[in-house]
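Position in the sequence shown counted from 1, then plus 78, gives you our numbering.
For reference, the structure is listed below as structure tokens.
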Amino acid sequence: MSNVFVAGLLAGYGVAIPVGAIAVLIVSLTARTSLAVGAGAALGVAAADGIYALAAVLGGAALARTIQPIATPLRWVAALILLGLAVRTTVTALRHYRDPTRQPVREQALRTPVRAFAALLGLTLLNPATIVYFGALVLGRQASGPLLAGEAAVFVVAAFLASASWQLLLAGGGSLVGRALTGPRGRLVTSLVSSAVIIVLAVLLLVM
């Protein structure tokens with residue numbers, strides 16, 4: 079059972095650690111709002127990874143084949159959402175920088191931990207590559223024998239814990255960035271940089 083737990087941890091870290099648009103969103107969101115909001119977003123991403131790990135355990139190959147025909151539309155939807163977030167972040171940051179008397183910039187849709195959780199959960203679920211990733215890992219393990227119910231549960235929990243620990247680490251980093259760059263110019267710079275990175279990653283998502 080311990081080897082299944084380790085395999086789940088490695089699978090969770092494998093899908094979570096590569097830095098992409100989601101990681102940038104968690105860091106920049108936490109820097110501009112609060113650690114609580116960032117933690118909500120982080121757990122939303124981890125929950126999506128856990129859901130896909132569970133789906134892969136229950137029928138990864140079949141689900142991957144089902145998703146494959148709509149993989150391109152899903153990438154377009156994800157890219158459009160990312161572009162929308164980048165534009166909104168830039169606009170609100172510029173408005174706040176030009177008028178410092180305005181309330182601190184807080185994304186209306188992501189201003190509470192619950193909303194951040196729901197938003198990042200939905201956005202992460204739009205990534206079809208995640209189910210393909212977990213499906214391939216599960217199929218590889220099942221080549222040496224099918225996973226028992228208990229082993230499958232351990233694998234899913236371990237994958238969730240690994241993803242959650244990494245995403246929460248990113249949120250903590252974002253909180254430190256936010257404290258270091260508390261002035262209007264610092265927040266403007268972090269907003270513009272994160273928006274630029276998100277736009278690039280959204281474009282790369284479309285051309286991959």
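Using N, Cα and C, we set each Cβ at its ideal position, and we do this for glycine too.
| Item | Value |
| --- | --- |
| Nearest-angstrom Cα separation, counted from V169 out to P182 | Interpretation of P182 is limited by its pLDDT of 46, a score under 50 that renders its predicted location unreliable; no figure is taken from the coordinates. |
| Neighbourhood of F83 by C-beta distance below 6 Å, restricted to the same chain and skipping five residues each side | V232 and A236 |
| Coil, strand or helix - R153 by DSSP | helix |
| Cβ-Cβ separation, L284 to R166 (assumed contact under 8 Å), whole Å | That pair is no contact at about 19 Å. |
| Assigned exposure category for D177 - 16 Cβ within 10 Å defines buried | exposed |
| Under the three-state DSSP convention, the category S112 falls into | coil |
| Beta carbon proximity, G128 to chain D, threshold 8 Å | This model lacks chain D altogether, as it is built from one protein chain only. |
| Short Cβ contact (8 Å threshold) for G122 with V234 | no |
| Where R110 falls, given that 16 or more other Cβ within 10 Å makes a residue buried | buried |
| Nearest neighbour of A89, chosen from G252, S253, L266 and L239 [CA to CA] | L239 |
| Spatial distance of A119 from T108 (CA atoms) | 9 Å |
| Classification of P151 by the beta-carbon crowding that lies within 10 angstroms, buried from 16 upward | exposed |
| Residue from L198, A164 and S243 whose Cα sits closest to the Cα of G92 | S243 |
| Spatial neighbours of I95 in its chain, beta-carbon cut-off 8 Å, leaving aside the 5 residues before and after | W244 |
| Nearest-angstrom Cβ-Cβ length linking V115 and P191, presumed shorter than 8 Å | 5 Å |
| Top-ranked residue by Cα proximity to L132, from G86, G256 and L198 | G86 |
| T129, DSSP secondary structure in three states | The sequence shown places Ile at residue 129, not Thr. In the structure shown, I129 sits in a helix (DSSP, three-state: H, G or I). |
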